[in-house]
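K.L.:
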Amino acid sequence: MSFILSEDLAIKTALGGITVVDEKNSSRSVGVWFSTPDIESRAQSYPYITIDLIDSNYAKYRQTSGIFRDNDAQGTLTPVAGNTYTYEIPIAWDLRYQITTYSRHPRHDRAILAYLLANVFPATHGYLAVPNDLGTETSYRHLILEDLVKRDTIEDGRRLYRNVFTISVTSEASRVVSTSAPEVTDVLINSITTDIPPDKQPV
Amino acid sequence: MITSFNAYSAPLLSEINATLTQELRNDALAAGWPTNVVESLSITASGFSLVVNYSLDYETEIGDLEYGTQTSSPRPVFRLFLDKHANIISDNIADSYLKYLEDAEVF
Numbered sequence: 499m500s501f502i503l504s505e506d507l508a509i510k511t512a513l514g515g516i517t518v519v520d521e522k523n524s525s526r527s528v529g530v531w532f533s534t535p536d537i538e539s540r541a542q543s544y545p546y547i548t549i550d551l552i553d554s555n556y557a558k559y560r561q562t563s564g565i566f567r568d569n570d571a572q573g574t575l576t577p578v579a580g581n582t583y584t585y586e587i588p589i590a591w592d593l594r595y596q597i598t599t600y601s602r603h604p605r606h607d608r609a610i611l612a613y614l615l616a617n618v619f620p621a622t623h624g625y626l627a628v629p630n631d632l633g634t635e636t637s638y639r640h641l642i643l644e645d646l647v648k649r650d651t652i653e654d655g656r657r658l659y660r661n662v663f664t665i666s667v668t669s670e671a672s673r674v675v676s677t678s679a680p681e682v683t684d685v686l687i688n689s690i691t692t693d694i695p696p697d698k699q700p701v
Numbered sequence: 833m834i835t836s837f838n839a840y841s842a843p844l845l846s847e848i849n850a851t852l853t854q855e856l857r858n859d860a861l862a863a864g865w866p867t868n869v870v871e872s873l874s875i876t877a878s879g880f881s882l883v884v885n886y887s888l889d890y891e892t893e894i895g896d897l898e899y900g901t902q903t904s905s906p907r908p909v910f911r912l913f914l915d916k917h918a919n920i921i922s923d924n925i926a927d928s929y930l931k932y933l934e935d936a937e938v939f
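Protein chains in written order, with our numbering: chain A, 499 to 701; chain B, 833 to 939.
Below, the structure written as structure tokens:
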């Protein structure tokens, strides 16, 4: 994993595991998708949440520069002779995401809204746990709720409850990230779609 | 000498409105918004804030473009534009007042 990919996964993890309750199901899972899910998946899985990366900005306001040298883990360990590491201070970035929730049932909508505001996006007090590649350390990033818009609508004669969260996540990228990021080798596309709702046509 | 800074800043704000309106429209076009919607957009300064104006005829369409729908991903323009220019009015007014004072050799 690397810059952006790690944050993507961390957000999906933070949004995962939510369940809602209704008269037919006492533990209905809320799906989480990157961007807009295929129609056959969407039809089967209300309620669900989508994640869209909508912007990435150079965070000039918190950028420092120079070469970082450390031999005591920033004052937390006793220095050992010859044990020093050096790296260039990473580039600061702010990543902006749109998180959208979709529900057919008003109680699902309220339950998801309450859960996210209380546990994942508590205004300016949120944080995002981002594990490192080795699984040995976890960094915690600021996660700030910038905006919340209610966009309920009617779709095909049925109610559709939508909440749009705009959030910012602080991040940073080393200059070596671009050389270590995984390259795309295969693009996998479903050539045959299944489970299409009766009133819809395949693309 | 008594100087009306409000009168002094009025032409400046008018110029900013025109410049930002064009920039917002360029951003919207680049994001793939339809031309008729783009042409309805404009910017006005309200105090130290920017206000985006648009035709109410396109209100639903703009909401769907900005935030996406179940079948289309968001193509945000307003949020990114307003964030990028959050301090532009206060910065420009401060710069212009300073220039005015320098030109008037007040110091």
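Heads up, the beta-carbon is just placed ideally off N, CA and C, and yes, glycines get one too. None of the values given here were measured: they were computed from a predicted structure.
If you drop the 5 nearest sequence neighbours on each side, which residues of the same chain put their C-beta closer than 8 Å to that of Ala612 (chain A)?
P.N.:
Position 114 of the first sequence, counted from the first residue, corresponds to residue 612 (chain A). Nothing listed; no residue qualifies.
K.L.:
Specify the secondary structure class of Ala590 (chain A) as computed by DSSP and reduced to three states.
P.N.:
Working through the first sequence from its first residue, we reach residue 590 (chain A) at position 92. Strand, per DSSP.
K.L.:
Do you know offhand how far Thr903 (chain B)'s Cα is from Tyr559 (chain A)'s?
P.N.:
Within the second sequence, the letter at position 71 stands for residue 903 (chain B). Within the first sequence, the letter at position 61 stands for residue 559 (chain A). Roughly 36 Å between the two C-alpha positions.
K.L.:
Among all the DSSP beta bridges, which residues are the ones paired with Arg526 (chain A)?
P.N.:
Here the question's residue 526 (chain A) lines up with position 28 in the first sequence. According to DSSP, Arg526 (chain A) bridges with A:Val518.
K.L.:
Flag this pair as yes or no: are the beta carbons of Ser672 (chain A) and Glu586 (chain A) separated by less than 9 Å?
P.N.:
The residue given as residue 672 (chain A) occupies position 174 in the first sequence. The residue given as residue 586 (chain A) occupies position 88 in the first sequence. In contact: Ser672 (chain A) and Glu586 (chain A) (Cβ atoms closer than 9 Å).
K.L.:
Would you be able to state if there are at least three C-beta pairs under 8 Å between the stretch 677–696 of chain A and the stretch 611–630 of chain A?
P.N.:
Short answer: they don't touch.
K.L.:
Using a cut-off of 7 Å between C-beta atoms, extract the partners of Thr664 (chain A) located in chain B.
P.N.:
Mapped onto the first sequence, residue 664 (chain A) falls at position 166. Those within 7 Å of Thr664 (chain A) in chain B are Arg911.
K.L.:
Which partner residues does Tyr583 (chain A) have in the DSSP bridge list?
P.N.:
Taking the first sequence and counting its residues from 1, the one referred to as residue 583 (chain A) is at position 85. Looking at the DSSP assignment, Tyr583 (chain A) forms a beta bridge with A:Asp568.
K.L.:
Measuring CA to CA, which of A:Ala590, A:Pro680, A:Lys510 is closest to Ala557 (chain A)?
P.N.:
As a working note, residue 557 (chain A) is residue 59 in the first sequence. Looking at the Cα atoms, A:Ala590 is the closest of the given residues.
K.L.:
Looking at the secondary structure, which residues open and close the beta strand (DSSP E) in which Ile929 (chain B) lies?
P.N.:
Within the second sequence, numbered from 1, the residue matching residue 929 (chain B) stands at position 97. Note on residue identity: the sequence assigns Tyr, not Ile, to residue 929 (chain B). Note, Tyr929 (chain B): premise wrong, no beta strand (DSSP E); alpha helix (DSSP H) at 920–935.
K.L.:
Are the beta-carbon atoms belonging to Ser872 (chain B) and Tyr890 (chain B) less than 9 Å from one another?
P.N.:
Locating residue 872 (chain B) in the second sequence gives position 40, where the first residue counts as 1. Locating residue 890 (chain B) in the second sequence gives position 58, where the first residue counts as 1. Yes, Cβ-Cβ distance for Ser872 (chain B) and Tyr890 (chain B) is below 9 Å.
K.L.:
Give the residues from the stretch 548–570 of chain A that approach chain B closer than 9 Å (Cβ to any Cβ), ordered along the chain.
P.N.:
If the cut-off is 9 Å between Cβ atoms, the stretch 548–570 of chain A has Thr548, Asp550, Ile552, Asp553, Asn555 near chain B.
K.L.:
Just to make sure I have the definition right: I need the residues of chain B whose C-beta is within less than 8 Å of the C-beta of Arg649 (chain A). Which are they?
P.N.:
Here residue 649 (chain A) corresponds to residue number 151 of the first sequence, with the count starting at 1. Within 8 Å Cβ-Cβ: Gly895, Tyr899.
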